[in-house]
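Remarks on the structure that follows.
Chains as they are written, first to last, in the numbering used here: chain A, 1 to 265; chain B, 1001 to 1445.
Printed below as a string of structure tokens:
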């Protein structure tokens, strides 16, 4: 399990189509335990598709390639099995679920995962203790607990709720799909705080983002640029800064080659 | 078999019954050519061989006070109409509340209330084929209960239970419930319909089955009176339940209805609210969870006669198996009923390809400054929401059940009595749990 030689997540030659249209055209990615990866790229590059395919959303057809998570073929698992195995996707657009209480839902989810792993389920008192602890760490108001899942939440509140769920579920692999978009600086710090607290030697995090801004608070180990369905460039945190300065158009003008040369030098 | 009340100058009653019988015989029963019955087949009625008649279960069994009711812990006075015979519950009615049989009430026990009762009985519209069951109920007027709450009295909770043995009894029972609330009076009416499973029928089972009840409820609400009417219907699969609730509301009175249908074979609820005095308010909430071949039909009309009244219709339906649902909710705002507020919402979830829902909200507005909104939907579970829940670890069936339960609970959460709301929510949850919630094989993990 703790063999750092083997990547936690291995994406090999992943080809995905949506409604017959090729979106991912051969993505290769290795994420090891303890690492934080950032995936950047222009709109429509396929960033969210990658996150959704890993989480198991329907409507995506994998036409070639594979995704392995801790040695298991992730693509043959249902979304709930993937979650129970420790995969978490913070949604770009969290879904509003009227009538389902946030606390009730999260406890059911956590207990489903604990049951899957052979752990005893938490009763409501134990669960509430856990939840209050996480809220305090993240400086989130507890009125979140009494509301229906995301119902009537502002954009910022929805993203906070995603981070809160992540903190409670403590996934092995967390994927944040543009969690930073549309957030003010305080909310951005909160997201960063949530991610940084989750960082540990046996977890991995993938941050999908359009902007470099979030990466000022979450310093990634690796940065990848996804363009036109492929990883066009990979580098360290400096790549993100370069992208921010130059914009994505710079990529298409030979910028990648120069960066890759620098990285390998 | 029917006792005919002829004493104390109640000659008007036989005349009324005869008129209703003539109307019924002239028109016959409604069919699919009648707009109000277009989607609701009465074929199940053909199983019923007899109307009214003698009690069907040995009296000792029907007498039992420890009779199981779906709503545990709700103490109250009231009555049970079990297998054709009427029983009073042990608890006495509070001061200011009179509970009497229909027969006693019409033969003068209610003194000055007598004329009012007569006017009420005569006011029931049984003309035309679509009102055939009101005609039938009037033609056979005999079994019933009258509840009277004096001015300013809080009548507490009155339980009204209807049950038939779950044998194959081929009988349609008729019952009239009359609720009279004087000015400022208040009453919770907790109505329950269920089958007495395991009770042995006196008669040998016939080859065709079914139990039936044709219930007419008339409520007369004085100024500022409040009637909170709850209905839990858990009848057996082969049963027929036809209800007609006719509610008259004076100024500033409140009628709330919260009904759930989680059983029954053929169920038809007709509900007519007449907002006759300014400031009257009607709030109607209902949910049904259907599977198998069940059919539940709501036909509602809220009649805004007076100005500044408000009404709301909020109904939710969940349909599995090859069940059918019908909703026809009408609000009529008459000339002069200015400043009326009307809201209507009907949403339905189809969990199976074989289930069918027909919904028709109707607004007819002839007044000024009316605030009105209405909406009706028939759809499936939101797959985005299902995925969201699954992505957090919930199995597909659990995710679907959680969403379906929440959909129904939108109705029970509107019940202001929290304890009762929670019980009703629990019954809805249990009904949802009993549904085949995932069409294809679910993933056990």
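Note that CB positions come from ideal geometry on N, CA and C, so glycine has one too.
Counting only beta-carbon atoms, is residue 1423 (chain B) nearer than 7 Å to chain A? no
State the Cα-Cα distance for the pair residue 1430 (chain B) and residue 1398 (chain B), rounded to the nearest angstrom. 13 Å
What does the alpha-carbon distance come out to for the pair residue 1083 (chain B) and residue 1047 (chain B)? 17 Å
Considering only their Cβ atoms, is the gap separating residue 1323 (chain B) from residue 1290 (chain B) smaller than 7 Å? yes
Using a beta-carbon distance cut-off of less than 9 Å, what residues from the region 166-195 of chain A approach chain B? 169
Where residue 238 (chain A) falls: helix, strand or coil (DSSP): helix
Near-chain A residues of the region 1395-1421 of chain B (beta-carbon distance less than 9 Å), N- to C-terminal order: 1395, 1396, 1398, 1399, 1402, 1403, 1405, 1406, 1407, 1408, 1409, 1410 and 1413
Neighbour flag for residue 75 (chain A) against chain B, beta carbons, 7 Å: no
Would you mind telling me which residues of chain B sit closer than 7 Å to residue 126 (chain A), beta carbon to beta carbon, in chain order? Near residue 126 (chain A) there are no residues of chain B at all, since even the closest Cβ is about 17 Å away, more than 7 Å.
Of the choices B:1145, B:1103, B:1416 and B:1391, whose alpha-carbon is the least far from that of residue 1097 (chain B)? B:1145
From which residue to which residue does the alpha helix (DSSP H) around residue 1229 (chain B) run? Unbroken run through residue 1229 (chain B) is the beta strand (DSSP E), 1226-1234; no alpha helix (DSSP H).
Between residue 1362 (chain B) and residue 1329 (chain B), how many whole angstroms is the CB-CB distance? I'm expecting something under 8 Å. 7 Å
State yes or no: is the beta carbon of residue 79 (chain A) nearer than 7 Å to at least one beta carbon in chain B? yes
Looking at the structure shown, is residue 8 (chain A) part of a helix, part of a strand, or coil, going by DSSP? coil
Given a cut-off of 7 Å, decide if residue 1412 (chain B) and residue 1370 (chain B) are closer than it, judged by their beta-carbon atoms. no
Please classify residue 113 (chain A): does DSSP put it in a helix, a strand, or coil? helix
Neighbour flag for residue 97 (chain A) against chain B, beta carbons, 7 Å: yes
Identify the contact partners of residue 1385 (chain B) in chain A, using a Cβ-Cβ distance below 7 Å as the criterion. 95 and 97
Tell me whether residue 1223 (chain B) sits in a helix, a strand or coil according to DSSP, three-state version. coil
Is the CB of residue 1458 (chain B) under 7 Å away from at least one CB in chain A? Because chain B spans 1001 through 1445 in this model, residue 1458 (chain B) falls outside it and cannot be assessed.
The beta strand (DSSP E) spanning residue 175 (chain A) covers which residue range? 173-177
Does the Cβ-Cβ distance between residue 1107 (chain B) and residue 1126 (chain B) come in under 7 Å? no
Should residue 16 (chain A) be flagged as near chain B, meaning a C-beta pair shorter than 7 Å? no
Taking residue 1272 (chain B) as the query, report the chain A residues whose CB atoms sit under 8 Å from its CB, ordered along the chain. Result: empty, since nearest Cβ-Cβ is about 30 Å, beyond 8 Å.
Output needed in chain order: residues of the region 112-124 of chain A with a Cβ under 7 Å from some Cβ in chain B. 112, 113 and 116
Are residue 166 (chain A) and residue 88 (chain A) closer than 7 Å when you measure CB to CB? yes
To which residues does DSSP link residue 1357 (chain B) through a beta bridge? B:1325
Beta-carbon proximity check, residue 1174 (chain B) vs residue 1140 (chain B), cutoff 7 Å: yes
What residues from chain B crowd round residue 89 (chain A), counting only those whose CB sits closer than 7 Å? 1391
So residue 1403 (chain B) and residue 97 (chain A) are supposed to be a Cβ contact under 8 Å. How far apart are they, rounded? 7 Å
Please name the residue in A:83, A:174 and A:226 whose C-alpha comes closest to that of residue 24 (chain A). A:226
For residue 1237 (chain B), which of B:1293, B:1218 and B:1188 has the nearest alpha-carbon? B:1293
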